[in-house]
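See below for the structure under consideration.
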Amino acid sequence: MADHDKNLPTEVTVSAYYRVHPEDRQTFINAVIPEMTATRKMPGCIYYAFAQDLIDPNTFHLTEGWADFDAYEAHENADTFLAALATVVQNVRILHREGVRYDTARMHIDDPRDKVTA
6 MADHDKNLPT
16 EVTVSAYYRV
26 HPEDRQTFIN
36 AVIPEMTATR
46 KMPGCIYYAF
56 AQDLIDPNTF
66 HLTEGWADFD
76 AYEAHENADT
86 FLAALATVVQ
96 NVRILHREGV
106 RYDTARMHID
116 DPRDKVTA
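Just so we're aligned: 61 in this note's numbering is position 56 of the sequence shown, and the numbers increase by one with no gaps anywhere.
Here it is as structure tokens:
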């Protein structure tokens, strides 16, 4: 993530999960890591996390935060994203997936730590 972007408000958020065939898990991981590394350096990327589920090793969770729609679209058309997508589509059996993009009109920071007394 570019240092100058981390304090920007998030106008576009993506939340997705993927459940992959166990035999294709490593192929999926190998496709995602270089894309994830490149994405975090893109202008307008507030955060980009792609993580393996703690209980089901064949399930992965993705969350993305983008400064604006143009930054999100630049990612969707980036060579690294398209290469990862092609690898996954051609070589990974996705058993189930769901992805949602949210265009944020107003953002509220949620920090419940003040509910805990010292």
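We put the CB at the ideal spot given by N, CA and C, even for glycine. Remember, predicted model here, so these are calculated numbers, not experimental data.
Euclidean distance between Cα positions of Thr32 and Glu81: 20 Å
Problem set entry | Residues bridged to Thr102 (per DSSP) | Contrary to the premise, residue 102 reads as Arg rather than Thr in this sequence. Bridge partners of Arg102: Tyr23.
Would you kindly work out how many angstroms separate the C-alpha atoms of His101 and Ala123, rounded to a whole number?
43 Å
Say whether the region 19–29 touches the region 64–75, bearing in mind that this needs 3 or more beta-carbon pairs closer than 8 Å, one atom from each stretch. yes
Self-check item: Bounding residues of the beta strand (DSSP E) (the contiguous stretch that carries Ile51)
Solution: Cys50 to Gln57
- Query: Roughly how many angstroms lie between the CA atoms of Ile34 and Glu28, to the nearest whole one?
  - Reply: 12 Å
For His66, the first and last residue of its enclosing beta strand (DSSP E): Thr64 to Trp71
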